[in-house]
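For the sequence shown, the working numbering gives the first residue as 2, with consecutive numbering after it.
Here is the structure we will look at.
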Amino acid sequence: MRQDWPITRDLVLIGGGHAHALVLRRWGMAPQAGARVTLLDPAPVTPYTGMLPGLIAGHYTRPEMMIDLLRLARFAGARLIEGRAAGIDRAAGRVLLEGGRSLRYDVASLDIGIGSGLPDLPGFPEHGLAAKPLGRFAEGWEAFVRIAPPDPHVTVIGAGVGGVELAMAMAFRLRGLGRQARVTVLDRDAALSGVGQGARAALMAQMAAQGVVLMAGAQPVEVRADEIVLADGRTLRSDLTLSVAGARPQGWLGATGLALTDGFVTVGPTLQSSDPAIFAVGDCAHMEHAPRPKAGVFAVRQAPVLHYNLRAALSDRPMRRFAPQKDYLKLVSTGGKAAVADRFGLRLEGRWLWRWKDRIDRTFMAKFGDYPAMAAAALPPDAAAGLREALGEKPMCGGCGAKVGPGALARALDGLAPPARAEVLSGPGDDAAVLRVAGGVQVLSTDHLRAFTADPSLMARIAAIHALGDVHAMGARPQVALAQIVLPRADEVIQADMLAEIMAAAETVFRAHGADVVGGHTSVGAELTVGFTVTGLADWVIAKGGALPGDVLILTKPLGTGVLLAAGMAGRAVPGVLLGEAVSACFASMQRSLAPAAAVLAPVAHAMTDVTGFGLAGHLLEICTASGVAARLRLADVPMLAGAVAASAAGYASTLAPANRAACAGRMTGAEGAAAALLFDPQTAGGLLAAVPAAEADAVLAVLGGTAAAIGVVEAGWPALVVEG
């Protein structure tokens, strides 16, 4: 995460809506020197509105209609923080997040969309599904499709264009799956009042052709698990109840003190709110100078002006005005691959309109497919030999992927003398130093990580869990921690804020493990680096030596952090994988503490270590060497993070992986293919690897649960590793 310029201003984009996505794409083409951009969104991917009906109907796959915010942020040089905004403290200049965290801003922009839920309709929050947010609806719909009965009854509350379009898409999908579906649309007012006469006639005819029933003048008063109660006392069977009833602003906006119109942020021609430091676009905004209906087309058109004005606000320059068009073409899909057009009151419909709409939608999504490669700085003509090879063709990895290879490390440690002090019980090469103290032993370990995310709080949490790994692997109880932090160049206020975030996150992790943060050291450098020195106490330690033939090898976390971080840093697509979701799941795995697993394994394990930089194969061979045994792995039983094998098959690998493979050469057989390559993948905050007596293995696994798995056995023989398919 190298910073070419010191950070002097903070821009926070709240929400990953269409306008913000387009702004970030433009930002990646020409970053603004000195500005740190943060994208805040609850999820690492966001749906494209235009393709949602096609997804519901089964014409698109989920990856085809999702914008991968992680890849987008990487291209833009922005940091992506997964979280949900809960407020804005304008006096302090901070965006408040659910859970208590906050982010500083100099300039902020809102693109948080709207909701379509019915919180005041009894039973709807428990039994209903809202069409917006779109991502949650798409997930809920796919879950319903999997469990829907042979004759599903679906009810859509709201007969606007969106409700009718989704009703036809759902009817088409369910009937295509052989279900005898009944889809009903309820509306207390006139249906399709927002479209012209010709389009309305065409859509009404298409609904009839799809068997979608329209009940005008029907008002629901209660939603139950399997039915809806209407105001006139009738009940309708409803296995799925969907609300597309209008636009609802997010409630927390009311506490910001910003000027609102019907709950939406009021903005002027420059897209600024009543607070000049806060902009708003998309459906969450109301353009006071030119009111328009809620439609994605306006967010897309706002993006160029928003991009210009955000940069102007950060550099104190004049701004531009946004003038929206008065009308726009509406293309409404009708379930199958056909559509209706609404413009000038004409009746236009047919498959050719679907093909036109499909081309428009795919063209938009192509903007977030393969991003244009930015030209690298040319090497000087008299560059020293080997410089091009040393730079490589991909960004250097962070985390354990940035460590020195096992071969180079072994050669360096060979020159160290054995411990000279009697209280030092272990030398170089163990997970941690072991010191004799009154009543037992003390372990001492240090580790630091080159940043693989620009979120300092997340980086601190993972670095703390990672540093505790050696203490847990030796069966010790964490005691104290010292921080070693390198901050990037930045304004002093921003540096102080970043350091405060890191220390708060670290203290939360260490306190949860019974350890105190007692100090540390900070410096300023080219990029963020976070590390900790940790001590722990134990009655005795579990070393790498001690594994016996017949022991079962247990791994407590899935592999793949190195390859997923490498793919994330490269920022390119992985076929069939939403990289943002895969990396988000990777972060979640890395933040999972080893303490519960260590408490289960420590009393029974003959040998144990944590799987980190040298990969599973390298660390298992360390156990074999220290114990004088061999090992046999079953590759099919080794847990892998979602997307890791696909990333490996696509050619991604961590910087350290080749050195890890080379260190195992001559001592390992049977490792071929994309999945086998993950045995050499350097893990950051990886799991515990333990050799457990066979008689204890099933009981241990039953207690561990989760992703823990028996992956192989210890055998008698020369320290080597055999990998079976």
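Every residue, glycine too, gets a C-beta built ideally from N, C-alpha and C.
Quick caveat: nothing in here was measured; it's all calculated off a predicted structure.
Option in Ala296, Gln592, Gly441, Ala586 with minimal Cα separation from Ala506: For the purposes of this step, residue 506 is identified with residue 505 of the sequence shown, where counting begins at 1. The candidate whose alpha carbon is nearest that of Ala506 is Gln592.
Candidates Gly551, Tyr372, Arg321, Ile113: closest to Ile712 by CA position: The sequence position of residue 712 within the sequence shown is 711, counting from 1. The shortest C-alpha separation from Ile712 is found at Gly551.
Per-residue burial, Thr364 [other beta carbons within 10 Å of its own, 16 or more giving buried]: For the purposes of this step, residue 364 is identified with residue 363 of the sequence shown, where counting begins at 1. With fewer than 16 other Cβ atoms within 10 Å, it is exposed.
Extent of the continuous beta strand (DSSP E) run through Ala340: Reading the sequence shown from its first residue, position 339 is the one you call residue 340. Note, Ala340: beta strand (DSSP E), 337 to 343.
Coil, strand or helix - His449 by DSSP: What you label residue 449 is simply residue 448 of the sequence shown in a count that begins at 1. Annotated three-state conformation of His449 is strand, per DSSP.
Whole-angstrom distance between Gly252 and Cys285, CA atom to CA atom: To locate residue 285, count along the sequence shown from 1; it is residue 284. To locate residue 252, count along the sequence shown from 1; it is residue 251. Near 11 Å, if we compare the C-alpha coordinates of Gly252 and Cys285.
Limits of the beta strand (DSSP E) - the one that Ser103 falls within: Residue 103 sits at position 102 when you count from the first residue of the sequence shown. For Ser103, the enclosing beta strand (DSSP E) stretches over residues 103 to 105.
With 16 other Cβ atoms within 10 Å as the buried cut-off, status of Thr236: The sequence position of residue 236 within the sequence shown is 235, counting from 1. Of the residues assessed, Thr236 falls on the exposed side of the cut-off, its CB having fewer than 16 other CB atoms within 10 angstroms.
For Met609 and Lys730, the rounded distance between their alpha carbons: In this structure the chain extends from 2 to 726, so residue 730 is not present and cannot be described.
Collapsed DSSP secondary structure at Glu582 in the structure displayed: Your numbering for residue 582 matches position 581 in the sequence shown. Secondary structure at Glu582: helix, using DSSP grouped into helix, strand and coil.
When Arg75, Gly17, Met52, Leu680 are compared against Tyr372, the one with the closest alpha-carbon: For the purposes of this step, residue 372 is identified with residue 371 of the sequence shown, where counting begins at 1. Among Arg75, Gly17, Met52, Leu680, the Cα nearest to that of Tyr372 is on Arg75.
Bridge-paired residues (DSSP) for Phe533: Within the sequence shown, numbered from 1, the residue matching residue 533 stands at position 532. Looking at the DSSP assignment, Phe533 forms a beta bridge with Asp448, Ala484.
Close Cβ partners of Val553 (< 7 Å) along its chain, the five nearest in sequence each way excluded: For the purposes of this step, residue 553 is taken as residue 552 along the sequence shown, with counting starting at 1. Excluding residues within five positions, the ones whose Cβ falls inside 7 Å are Val693, Ala695, Ala698, Ala711, Val714.
Three-state class that DSSP yields for Gln33 in the structure shown: By one-based count along the sequence shown, residue 33 stands at place 32. In this structure, Gln33 counts as coil in the three-state DSSP scheme.
Beta-carbon spacing of Val196, Val245 below 8 Å: Locating residue 196 in the sequence shown gives position 195, counting from the first residue. Locating residue 245 in the sequence shown gives position 244, counting from the first residue. No, the Cβ-Cβ distance between Val196 and Val245 is not below 8 Å.
Per-residue DSSP class, three states only, for Asp498: Locating residue 498 in the sequence shown gives position 497, where the first residue counts as 1. Asp498 falls in the helix class under three-state DSSP.
Distance, Leu469 Cα to Met171 Cα: Here residue 171 is taken as the residue at index 170 of the sequence shown, counted from 1. Here residue 469 is taken as the residue at index 468 of the sequence shown, counted from 1. So the alpha carbons of these two residues sit roughly 50 Å apart.
Alpha-carbon spacing of Pro728 relative to Gly537, whole angstroms: Residue 728 lies beyond the stretch modelled for the chain, which goes from 2 to 726, so this question has no answer here.
Residues bridged to Phe265 [DSSP beta-bridge criterion]: Along the sequence shown, one-based indexing puts residue 265 at 264. DSSP lists Thr262 as partners of Phe265.
3-residue-minimum beta strand (DSSP E) runs that sit fully inside the region 557 to 609, ordered along the chain: The region 557 to 609 contains no whole beta strand (DSSP E) run of 3 or more residues.
Three CB pairs or more closer than 8 Å across the region 305 to 316 and the region 335 to 348: no
Assigned secondary structure, Val542 (DSSP; H/G/I helix, E/B strand, else coil): In the sequence shown, counting from the first residue as 1, residue 542 sits at position 541. Coil, per DSSP.
Buried or exposed (CB count within 10 angstroms, at least 16 for buried), Arg389: The sequence position of residue 389 within the sequence shown is 388, counting from 1. Arg389 should be labelled exposed.
Among Gly515, Leu560, Val438, Gly370, nearest to Gly688 - alpha-carbon criterion: Against the sequence shown, residue 688 aligns to sequence position 687. Taking only the C-alpha atoms, the option nearest Gly688 is Leu560.
Asp152 versus Gly581, Leu167, Gly177, Ala93, residue with shortest Cα-Cα distance: Here residue 152 corresponds to residue number 151 of the sequence shown, with the count starting at 1. Answer by Cα proximity: Gly177.
Among Glu508, Gly297, Val494, Gly718, the one whose alpha carbon lies nearest that of Val630: Here residue 630 is taken as the residue at index 629 of the sequence shown, counted from 1. For the residues Glu508, Gly297, Val494, Gly718, the minimum Cα distance to Val630 belongs to Gly718.
Cβ shell of Arg352 (< 7 Å), same chain only, five flanking positions each side left out: Along the sequence shown, one-based indexing puts residue 352 at 351. Once the five neighbours on either side are set aside, the close Cβ partners of Arg352 are Lys338, Ala339.
Rounded straight-line distance, which links the Cα of Phe323 to that of Pro270: Mapped onto the sequence shown, residue 270 falls at position 269. Mapped onto the sequence shown, residue 323 falls at position 322. C-alpha separation (whole angstroms): 5 Å.
Sub-8 Å separation of Ala203 and Glu350 beta-carbons: Position 202 of the sequence shown, counted from the first residue, corresponds to residue 203. Position 349 of the sequence shown, counted from the first residue, corresponds to residue 350. Contact flag set, yes.
Val230 beta carbon less than 8 Å from that of His19: Locating residue 19 in the sequence shown gives position 18, where the first residue counts as 1. Locating residue 230 in the sequence shown gives position 229, where the first residue counts as 1. The answer is no: Cβ separation not under 8 Å.
Residues that His154 bridges to, as DSSP identifies them: The residue given as residue 154 occupies position 153 in the sequence shown. Bridge partners of His154: Arg183.
Cβ-Cβ distance between Val531 and Val472 below 8 Å: One-based indexing of the sequence shown puts residue 531 at position 530. One-based indexing of the sequence shown puts residue 472 at position 471. No, they are not a contact pair.
Buried versus exposed, by CB contacts within 10 Å (16 or more), Gln303: Against the sequence shown, residue 303 aligns to sequence position 302. Buried.
Own chain partners of Leu702 with C-beta closer than 8 Å, once the 5 adjacent residues on each side are dropped: Counted from its first residue, the sequence shown places residue 702 at position 701. Excluding sequence neighbours, Leu702 sits near Ile555, Ala709, Ala710, Ala711.
Boundaries (first-last residue) of the alpha helix (DSSP H) holding Thr626: The sequence position of residue 626 within the sequence shown is 625, counting from 1. Counting along the chain, Thr626 sits inside the alpha helix (DSSP H) bounded by residues 616 to 628.
Counted within 10 angstroms of its Cβ, other Cβ atoms place Pro419 as buried (16 or more) or exposed: Along the sequence shown, read from residue 1 onward, the residue named residue 419 stands at position 418. With fewer than 16 Cβ atoms within 10 Å of its Cβ, Pro419 is classed as exposed.
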